[in-house]
Amino acid sequence: MSTITTPSSTSAAAPQKQRARRRVEPIFYFFLVPSLVLFTLAITIPGIIGIFFSFTNSIGIGDWDFVGLTNYIAIFSDPAILQSYLFTFGFSIVTVIAVNVVAFLLAVGLTSRIRMKSALRTVFVIPMVVSGIIIAYVFNFLFSNSLPSLGAAAGIPWLESSLLANPDLAWVAVVLVTAWQAVPGALLIYIAGLVAVPGDVYEAAEIDGASKFQQLLKITLPLVSGYVVINIILGFKGFLNAYDIIVGLTNGGPGTSTRSIAMTVIAGFNGGDYAYQMANATIFFVVAIVISLVQLSLTRGRNAL
Amino acid sequence: MSVKMTRGKRFAAMGLGLALLAGLLSGCTGESGKETIRFTFSKREAIGFMTKLVADYNASQDETEVVLDTSGVDVVSASFVRGNPPDIALANYNMETSRFVQRGALSDLSGTNAASTIREDLQPLMDQYGSYPGRTSALPYSVMASSVIYNKEIFAKHGVVVPTTWSELIAACEKLKAAGVTPFYATWKDDWTIAQGWFDYSVGGQVDTIDFFKKLDAEGVNVGQDSAVSFEKDFDQPVEKMLTLAKGYVNKDAASRAYGDGNLAFSKGEAAMYLQGPWAFSEIAKTAPDLNLGTFPLPMTEDPEDLRVRVNVDLAAWIPEASKHKEAARDFLEYLYQPEVIEAYNQSQLGFTPTKDAAGVPDPRIQGMVKYYDAGDVYQGPSVLVPRTIPIMNYTQAIVFGAAPATTLRTLDADWARLAFRQ
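Chains as they are written, first to last, in the UniProt record's numbering: chain A, 1 to 305; chain B, 1 to 423.
Here it is, written out as structure tokens:
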């Protein structure tokens, strides 16, 4: 950029010189400033206030004192919070894998030469436009009523009791429903990626005698790998914040087996445990930053490929 | 032409908006010299009753204009933070409100007439949520009692009488079961129904909760295996009994049924007993208005005299310290506590009136609890006395779904100690 402006400024007259120094159009600031102000007011400042209060014993109102690192120490010995981290990460990893495998296969199907392609694409994208809490309540009903009565009618004993009432398996239901909602988003990105793959590489592969499966594994997958990374990053970030679907489906139960980190934080606000859960949120924030940095470096490497 | 029309409409809309705004503003400043006070009340079922009551009060005198604010509990908490709380409130008395009490945000009501009419034996129930030195921070207004709801027709049909001891209860369950009747309808999908009914009735019927929580508070960070009292030690037996009932005498699909399903099923006579509070009556009545229902305390011991009902202070009255209209609010408070007003309210909501010379509750469905309430044989549910940051509802659900009771109660002990450590 400077290599272009420098010669022009030396050769130009005074008014042009001024304009050259002002290079940036003020209109761009108009685009940025509102977001920046809102972001600062709604995210940054409350965030800093929250971190500040995590070093106190505030309950959200009234008097408070500084308690140093007490909250942080208590968190690391709190099995409920540790369990929520374990659940959230386990759930996120499994869901990311499930979503991407399903979405990728669907995308391959939907970009190949089949009948009713557009209609099918529309059908598969519908779950994305329905709000999470509604999906959760619908599935809640299916798991609690429809499936058990189906199981009873067909004489399948393990289907007779609700998946949501089983402490060891309720997370599977959460994964299923979350994946059901998240697949369309990933699907659209994969379709975009697959459409961008040039057709001649497949022709070349076919001439060399590669089977359809080999083409998928050796050509398609490497060529859309950038999209795979994007989907994994976006998905993982979203799933770490899992809240609405779990609330509608299990509300953290049975017992505490499906309580996500976001749920523990919010339960703390409602339960007068503000400072403590602020400390929890601060830790979660740091964890999220670390994950983002790792993923960022991964994508950079991917883009260079 | 059409352009003019829209412009006209726009002006009309603007005018309407301004009028509304003016209405709102005048609500703040008061009209015709009346002092305006904001009265918070958000119990959904009774908003109609309270709206009429407020209108009556506003018409009855010309000094104060009471404005009913039904926007809910969360808004109230936020208003305290902003230093702009309501002038007077009737609200559920629980751990949330106790925060305002303990930090001195509520004014002293001990000098009011209303305070002098309150039954003294209910004071321990109020104090269980903490108090502020030298103040009567809140007055009970409506007490809800809950115990076992039973279907009188089913009991009569199978010759079952109301049990008064644990073994009679088991015998009754066996008899019903043998006749092909589900003894209890359980709705375990909603964890609060386990905590409120199964857990609280079992524990409260056997443990002196006031004494237990007092000692537990004193132990603080030491609560655990070596402390004098602990959930693991003191709740162990009642929880075992709860599991005896939960394992043998409930509907098969209990784990996937929710509160709404339970009300419907119970109204259809699908079970003989139901562990719910009086709030369920109006729901059941929607489908079965004439169902003959009664209530009795869950017997947990072998002593037929040792029976208690669970109560909660459904509504308590309080006036924030930060209110600028305390005098006017106190006048309204006295009006609320006039015998005919407070009794009419409680009658309409199947609640019990906490004043000394209150007339008995006539509704036959809660008649079975009157004796115990009048004698003060009441307890507050342990599940509501545990701070809400501890997920006790989830824990009780885990126990019913098969988690080891000892382990879960030990977790509860550890949570309690940890909370004491940091607060």
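Even glycine gets a Cβ: it sits at the ideal position worked out from N, Cα and C.
These figures come from a predicted structure and were not determined experimentally.
Query raised in the report: Do we get a CB-CB distance below 8 angstroms when we pair Ala154/A with the residues of chain B?
Result: no
Query raised in the report: Of the residues that make up the stretch 51 to 78 of chain A, which ones have a beta carbon closer than 8 angstroms to any beta carbon in chain B?
Result: Asn57, Ile59, Gly60, Ile61, Gly62, Asp63, Val67, Thr70, Asn71, Ala74, Ser77 and Asp78
Requested in this report: On a CA-only basis, which of Thr164/B, Tyr185/B, Ala246/B and Pro85/B is nearest Val309/B? Give me that one, please.
Outcome: Thr164/B
Requested in this report: To the nearest angstrom, report how far apart Val229/A and Ala103/A are at their CA atoms.
Outcome: 13 angstroms
Query raised in the report: Nearest CA to the CA of Phe239/A: which residue from Val201/A, Leu110/A and Val177/A?
Result: Val177/A
**Report entry** Under 7 angstroms from the C-beta of Ala255/B: neighbouring residues of chain A
**Finding:** Ser161, Ser162 and Ala165
**Report entry** Presumed contact (8 angstroms Cβ cut-off) between Ala119/A and Leu187/A, rounded CB distance
**Finding:** 15 angstroms between Cβ atoms; not a contact.
Query raised in the report: Got a sec: which bits of the stretch 199 to 217 of chain A sit with their beta carbon under 9 angstroms from any beta carbon on chain B, in order along the chain?
Result: none
Query - Where the stretch 239 to 256 of chain A meets chain B: residues whose CB sits under 8 angstroms from a CB there - result: Asn251, Gly252, Gly253, Pro254, Gly255 and Thr256
**Report entry** Contacts that Arg330/B makes with chain C (C-beta to C-beta distance below 8 angstroms)
**Finding:** Within the model displayed, chain C is absent; protein chains A and B are what it includes.
Query raised in the report: Going along chain A in order, which residues have a C-beta closer than 9 angstroms to the C-beta of Arg135/B?
Result: Within 9 angstroms Cβ-Cβ: nothing; Arg135/B doesn't reach chain A, min ~15 angstroms.
Query - Simplified DSSP assignment, three categories, for Leu194/A - result: helix
Query - Buried or exposed (CB count within 10 angstroms, at least 16 for buried), Trp166/B - result: buried
**Report entry** Positions along the stretch 236 to 253 of chain B whose CB lies within less than 7 angstroms of some CB in chain A
**Finding:** Asp253
Query raised in the report: So, are the CB atoms of Val129/A and Val183/A less than 8 angstroms apart?
Result: no
Report task. Quick one: give me the first and last residue of the alpha helix (DSSP H) that Ile319/B is part of. Result -> Taken as a continuous stretch (DSSP letters only), Ile319/B belongs to no alpha helix (DSSP H), as it is neither H nor E.
Requested in this report: Quick one: give me the first and last residue of the alpha helix (DSSP H) that Tyr29/A is part of.
Outcome: Pro26 to Phe39
Requested in this report: Give the straight-line distance between the Cα atoms of Ala375/B and Leu307/B, rounded to the nearest whole angstrom.
Outcome: 11 angstroms
Requested in this report: Measure the CB-CB distance between Val172/A and Leu159/A and report whether it falls below 8 angstroms.
Outcome: no
Query - Other residues of its chain near Ala114/B: CB distance less than 8 angstroms, five sequence neighbours each side excluded - result: Leu139, Ala317, Leu333, Glu334, Leu336 and Tyr337
Query - Below-8 angstroms beta-carbon distance, Leu412/B vs any chain A residue - result: no
Query raised in the report: At which residue ranges does the stretch 222 to 248 of chain B contain complete alpha helix (DSSP H) runs of 4 or more residues, listed in the order of the chain?
Result: 231 to 234 and 236 to 248
Requested in this report: Closer than 7 angstroms by C-beta to Ala230/B: which residues in its own chain qualify, once you throw out the five before and the five after it? Chain order, please.
Outcome: Contrary to the premise, residue 230/B reads as Ser rather than Ala in this sequence. So the list reads Val223, Gly224 and Asp413, once near-sequence residues are dropped.
Query raised in the report: So what does Arg310/B bridge to, in DSSP terms?
Result: Ser146/B and Tyr379/B
Query raised in the report: What three-state label does DSSP hand Leu169/A in the structure shown?
Result: coil
Report task. Would you give the residue range spanned by the alpha helix (DSSP H) that residue 430/B belongs to? Result -> Residue 430/B lies beyond the residue range present for chain B, which begins at 1 and ends at 423; the question has no answer from this structure.
Query raised in the report: Along the stretch 273 to 288 of chain A, what residues have a CB closer than 7 angstroms to any CB found in chain B?
Result: Asp273 and Tyr276
Query raised in the report: Under the rule that 16 or more other beta-carbon atoms within 10 Å means buried, what is Val75/B, buried or exposed?
Result: exposed
Requested in this report: Taking only beta-carbon positions, decide if Ser26/B is within less than 8 angstroms of chain A.
Outcome: Low local confidence applies: a pLDDT of 45 at Ser26/B is under 50, so the model's placement there is unreliable, with the coordinate-based value given in what follows. By this cut-off, Ser26/B is not an interface position.
Requested in this report: Under 7 angstroms between beta-carbons, which chain B residues line up against Gly271/A? List them in chain order, please.
Outcome: Pro387, Arg388 and Thr389
Requested in this report: Check whether the Cβ of Ser84/A lies closer than 8 angstroms to any Cβ atom in chain B.
Outcome: no
Query - Thr264/A - containing alpha helix (DSSP H), residue span - result: Ile261 to Asn270
Report task. Tell me, please, whether the stretch 144 to 159 of chain B touches the stretch 269 to 278 of chain B by the rule of three or more beta-carbon pairs shorter than 8 angstroms. Result -> yes
Query raised in the report: For Glu65/B, does the three-state DSSP call read helix, strand or coil?
Result: strand
Report task. Have a look at the DSSP bridge pairing and note the partners of Glu35/B. Result -> Thr64/B
Requested in this report: Taking only the alpha-carbon atoms, compute the straight-line gap between Arg44/B and Lys34/B and give it to the nearest angstrom.
Outcome: 28 angstroms
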